[in-house]
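**Student:** Residue numbers (the UniProt record's numbering): 1 to 182.
Glycine included, each C-beta is placed from N, C-alpha and C at the ideal position.
Before we start, here is the structure in question, set down as structure tokens.
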């Protein structure tokens with residue numbers, strides 16, 4: 001069970017922005033009751049001490065692991081930092097910094113340039129729409145990150161119910177769905 005989880009988490013890690021080995025190291029730390037030293041991590045995962053060290057450094061840069069010491073031990077021990085909600089927030093925050101912020105910055109720069117012809121003017125208009133969408137998504141995720149885990153759970157359980165309420169409101173107010181008009 002543990003091995004299956006750790007290996008799958010490694011594959012998911014590559015979709016979250018870090019490599020397979022880093023994902024496996026993190027998964028192992030998340031499900032380990034006791035902090036682990038680098039040698040234990042390497043033995044359990046069958047990876048070199050160098051890969052463990054680089055993986056732990058990467059996880060440290062994401063602020064996902066914490067180092068601790070045991071009395072009488074010279075080795076450092078590692079464990080996951082915070083709750084599962086804290087982990088999700090860190091991953092979202094790091095992805096925002098590494099992916100969304102540079103994209104938004106580039107889009108802002110393009111929007112500030114003077115369009116040289118009608119094609120560029122059209123492209124600039126579409127870029128502004130993309131910018132506005134990404135900006136709204138960023139603001140929305142930041143708002144979600146500020147909610148407590150309990151409130152986030154409640155919000156997620158509401159799920160599609162929110163969409164149904166919005167559809168009902170639109171019908172009640174006589175608004176037409178632009179997606180269905182096309």
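1) With DSSP as the reference, label residue 144 as helix, strand or coil.
2) With a floor of 3 residues, list each beta strand (DSSP E) that falls wholly inside the region 62 to 115, ordered by position along the chain.
3) Please list, in chain order, all residues of the same chain as residue 144 whose beta carbon is under 7 Å from its beta carbon, the five residues on each side excluded.
4) Give, in chain order, every unbroken run of the alpha helix (DSSP H) that is at least 4 residues long and sits entirely within the region 13 to 60.
5) What would DSSP say about residue 1, mapped onto helix, strand or coil?
6) Using DSSP with H/G/I as helix, E/B as strand and the rest coil, what is residue 117?
7) Considering only residues of the same chain and omitting the five flanking positions on each side of residue 14, which have a CB-CB separation below 6 Å?
8) Taking all protein chains shown into account, decide if residue 84 is buried (16 or more other Cβ within 10 angstroms of its Cβ) or exposed.
9) I'd like to know if the region 97 to 108 and the region 68 to 83 are in contact, where contact means that at least 3 CB-CB pairs between them fall below 8 Å.
10) In three-state DSSP terms, what is residue 175?
11) Is it right to say residue 58 is buried, meaning 16 or more other beta carbons lie within 10 angstroms of its own, or is it exposed?
12) Straight-line CA distance for residue 132 to residue 90?
13) Of the residues 35, 32, 1, 65, which one's Cα is nearest the Cα of residue 22?
14) Are the beta-carbon atoms of residue 238 and residue 45 separated by less than 8 Å?
**Tutor:** The relevant details are as follows:
1) Residue 144: helix per DSSP, three-state reduction.
2) Listed in chain order, the beta strand (DSSP E) elements of length 3 or more contained wholly in the region 62 to 115 are 65 to 68, 77 to 80.
3) Contacts found: 152.
4) Runs found: 20 to 31, 38 to 45.
5) In the three-state DSSP reduction, residue 1 falls in the coil class, being neither helix nor strand.
6) In this structure, residue 117 counts as coil in the three-state DSSP scheme.
7) Hits under 6 Å: 20.
8) With fewer than 16 other Cβ atoms within 10 Å, it is exposed.
9) A contact between stretches requires three or more CB pairs, one per stretch, nearer than 8 Å, and the region 97 to 108 fails this requirement with the region 68 to 83.
10) When DSSP states are grouped into helix, strand and coil, residue 175 belongs to the coil group.
11) Counting C-beta atoms within 10 angstroms of its own C-beta, residue 58 has 16 or more neighbours from the protein chains shown and is therefore classed as buried.
12) C-alpha separation (whole angstroms): 24 Å.
13) Distance from the Cα of residue 22 is smallest, within the candidate group 35, 32, 1, 65, for 65.
14) Because the chain is modelled from 1 through 182, residue 238 falls outside the range shown and cannot be assessed.
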